[in-house]
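Structure, as structure tokens:
So, in structure tokens, the structure goes:
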């Protein structure tokens, strides 16, 4: 079940590595995301291709882990991520990632109206200043992101 779309809450695009940090490895820096998401402070947007990428990574296996953990990650994705259509970016003047596999995260964040793009990928993080200056999108690594509302 995907939560309904909402324009009143900020939204985030979260790359596969960061989803794994959050739901698979239980990274302490990401634990507060679940509480904030459940409280309705933000919502998570993704595309079917993003889910497919995550499922592929989990199917390959992660050393020292077992399949039930991967199934729980996909269940969390299915519960919380709002699946959006794959956006078609404009041809010119658009931030382009050197890693073409990660361009889908940038495109959705920019065209989907995201407030944040959370990523551990160096090629994505290199675009942080440009995205912020051109569009206001905050590109941040997971350990620096806090989706909780400001007091």
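Numbering (the working numbering), first residue to last: -15 to 135. The beta-carbon is built from N, C-alpha and C at its ideal position, and this holds for glycine as well.
In terms of Cβ geometry, residue 73 and residue 115 do not form a close pair [threshold 8 Å]. Listed in chain order, the alpha helix (DSSP H) elements of length 4 or more contained wholly in the stretch 78 to 106 are 87 to 95. The continuous beta strand (DSSP E) containing residue 27 extends over residues 27 to 31. The residues -1, 1, 83, 86, in chain order, have a CB closer than 7 Å to that of residue 105 in the same chain once the five nearest residues on each side in sequence are set aside. Judged by DSSP secondary structure, residue 112 falls outside any beta strand (DSSP E) and instead within the alpha helix (DSSP H) spanning 112 to 119. By the neighbour-count criterion, in which a residue is buried when 16 or more other Cβ atoms sit within 10 angstroms of its Cβ, residue 126 is buried.
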